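Take any residue in the sequence shown, note its place counting from 1, add 61, and you have its number in my numbering. We put the CB at the ideal spot given by N, CA and C, even for glycine. Everything numeric in this text was worked out from a predicted model, so none of it was measured. The structure under discussion appears below in the form of structure tokens.
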Amino acid sequence: MKRVFSGTRPTGKLHLGNYLGAIQNYVKLQDEYECVYCIVDWHALTTLTDTKDLQNNIFEMALDWLAAGIDPQKSIVFVQSQVPEVTELHLLLSMVTPLSWLLRVPTFKEKAKQNPDNINYGLVGYPVLQTADIVLYKAEVVPIGEDQLPHLELAREIVRRFNSLLGPTFPEPIAKLTSFPKVVGLDGKDKMSKSLNNHLEISATPEEITAKFKTAVTDPARVYRKDPGHPKLCNIYRFQEYFNPTLVADIAEKCSTAQIGCVDCKALVSREIIKYLEPFRQRRAELAARPDYIQDVLADGAKRARVIAKETLAEAKQRMGMV
Ligand code: TRP
Ligand code: SF4
């Protein structure tokens with residue numbers, strides 16, 4: 062069975078965009094591959110200045126994953142820093158990675174522009190650590206969003222360089238794009254993201270979901286109830302398409318003839334989303350009541366990951382004359 066590896070930075074609770082985009086994909090892949098899913102806390106440190114929430118975020122992420130259906134019997138679920146072998150491999154890989162490759166990575170350039178006063182060494186090496194994550198498990202397939210493609214391309218270049226300089230050691234990982242189209246945020250402008258605060262957490266309560274939708278942006282041309290709307294230009298309508306497939310045609314018709322108002326339309330979609338997320342919310346609450354179980358799952362995951370990690374690291378060290 063081929064191996065899958067993917068990592069997520071523990072920056073808070075999952076939102077609907079992460080869930081429909083990445084996590085559902087993680088869950089499905091478990092049947093076809095041997096999956097290794099990692100909560101990458103060291104990567105989170107590259108941009109975090111305030112780390113007081115880090116441990117809690119790790120716990121919340123583990124809850125979200127397990128509640129969404131990532132099965133620790135099938136997959137290895139662990140926290141990056143609990144398998145320290147990755148740092149040693151990171152160092153070894155850094156010796157074969159030209160700095161010029163790292164300085165031209167788009168995510169690095171962007172972050173450096175946003176935070177010119179905090180261009181730390183760790184940030185430059187971020188993609189090398191990501192490469193170490195993947196190749197430590199000799200993973201062949203990496204499910205990621207489009208924004209991560211440059212990192213994966215770099216990982217492939219580092220692998221090619223290592224293999225050609227020191228002998229064939231690591232497989233070249235292939236990206237597997239998450240197929241769900243981008244989920245638009247509740248502001249109707251950008252991709253759903255926590256940093257833009259236009260997101261809906263999938264653990265939100267029914268009341269929170271209703272409230273979030275009440276203030277969400279709709280067709281900007283529809284100012285008064287009597288104005289006809291343009292469903293194709295409306296953010297809420299995209300949610301209707303996904304969550305309300307049986308009513309969506311009717312809604313489009315009634316919106317463009319001003320027979321339904323946005324308040325009612327939003328109520329229809331939030332009701333469906335509440336129903337859709339209910340089983341998830343229940344499972345999550347059950348798991349949240351068992352913090353020891355969550356810690357056991359992560360400890361067991363780290364133990365299983367470490368067996369593979371030790372073996373690969375020994376091989377890489379041997380290649381580099383470190384034995
Ligand atoms: N950089 C990824 C992100 O921000 C997270 C990540 C770290 C990752 N290591 C990885 C993704 C390895 C895939 C494989 O989303
Ligand atoms: Fe959007 Fe619905 Fe309002 Fe039409 S009625 S503009 S689809 S929220």
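> Along the chain, where does the beta strand (DSSP E) that runs through alanine 236 open and close?
Replying inline: Taking the first residue of the sequence shown as position 1, residue 236 is located at position 175. It spans 235-238 - the beta strand (DSSP E) in which alanine 236 sits, taken as one unbroken run.
> Among Val245, Thr318, Arg332, Gly228, which residue has its Cα nearest to the Cα of lysine 275?
Replying inline: Position 214 of the sequence shown, counting from 1, holds the residue named residue 275. Taking lysine 275 as reference, the option from Val245, Thr318, Arg332, Gly228 with the minimal CA-CA separation is Arg332.
> Can you give the Cα-Cα distance for arginine 380 and methionine 156, rounded to whole angstroms?
Replying inline: Position 319 of the sequence shown, counted from the start, is the residue given in the question as residue 380. Position 95 of the sequence shown, counted from the start, is the residue given in the question as residue 156. Roughly 13 angstroms between the two C-alpha positions.
>> For tyrosine 87, list the residues DSSP reports as bridge partners.
In response: Reading the sequence shown from its first residue, position 26 is the one you call residue 87. For tyrosine 87, which the question treats as bridged, DSSP gives no partner whatsoever.
>> If I follow the unbroken beta strand (DSSP E) through isoleucine 335, where does it start and stop?
In response: Residue mapping note: residue 335 aligns to position 274 of the sequence shown, counting from 1. From DSSP, isoleucine 335 is part of no beta strand (DSSP E) but of the alpha helix (DSSP H) over 323-349.
> Are the beta-carbon atoms of alanine 319 and proline 289 separated by less than 7 angstroms?
Replying inline: The sequence position of residue 319 within the sequence shown is 258, counting from 1. The sequence position of residue 289 within the sequence shown is 228, counting from 1. By the CB criterion at 7 angstroms, alanine 319 and proline 289 fall inside the cutoff.
> Counting pairs of Cβ atoms below 8 angstroms between the segment 228-236 and the segment 210-219, do you hit three or more?
Replying inline: Contact between the segment 228-236 and the segment 210-219 is present, because at least three Cβ pairs lie under 8 angstroms.
>> Threshold first: 3 residues or longer. Then list the beta strand (DSSP E) segments lying entirely within the segment 99-146, N to C.
In response: With a minimum length of 3 residues, the continuous beta strand (DSSP E) runs that stay inside the segment 99-146 are 137-140.
> Any contact of the segment 346-353 with the segment 122-129, i.e. 3+ C-beta pairs under 8 angstroms?
Replying inline: Result yes; three or more Cβ-Cβ pairs closer than 8 angstroms.
>> For ligand 4, is there any heavy atom lying closer than 6 angstroms to the beta carbon of proline 281?
In response: No copy of ligand 4 occurs in the structure displayed; its ligands are ligand 1 and ligand 2 alone.
> If we call anything under 7 angstroms between Cβ atoms a contact, is leucine 154 one with isoleucine 100?
Replying inline: The count along the sequence shown starts at 1 and reaches residue 154 at position 93. The count along the sequence shown starts at 1 and reaches residue 100 at position 39. Isoleucine 100 is positioned such that its CB atom lies no closer than 7 angstroms to that of leucine 154.
> In three-state DSSP terms, what is arginine 286?
Replying inline: Taking the first residue of the sequence shown as position 1, residue 286 is located at position 225. Correct three-state label for arginine 286: coil.
>> So, for arginine 299: in the same chain, excluding its five sequence neighbours on each side, which residues have a beta-carbon less than 7 angstroms away from its beta-carbon?
In response: What you label residue 299 is simply residue 238 of the sequence shown in a count that begins at 1. Close CB contacts of arginine 299 within its chain, under the 7 angstroms cut and outside five residues either way in sequence, are with Val245 (chain order).
> Does at least one heavy atom of ligand 2 sit under 6 angstroms from the Cβ of proline 289?
Replying inline: Counting from one through the sequence shown, the residue named residue 289 turns up at place 228. No, ligand 2 has no heavy atom inside 6 angstroms of this Cβ.
> CB glycine 249 to CB valine 278, shorter than 7 angstroms?
Replying inline: Numbered from 1 along the sequence shown, position 188 holds the residue referred to as residue 249. Numbered from 1 along the sequence shown, position 217 holds the residue referred to as residue 278. Result yes, Cβ atoms of glycine 249 and valine 278 sit closer than 7 angstroms.
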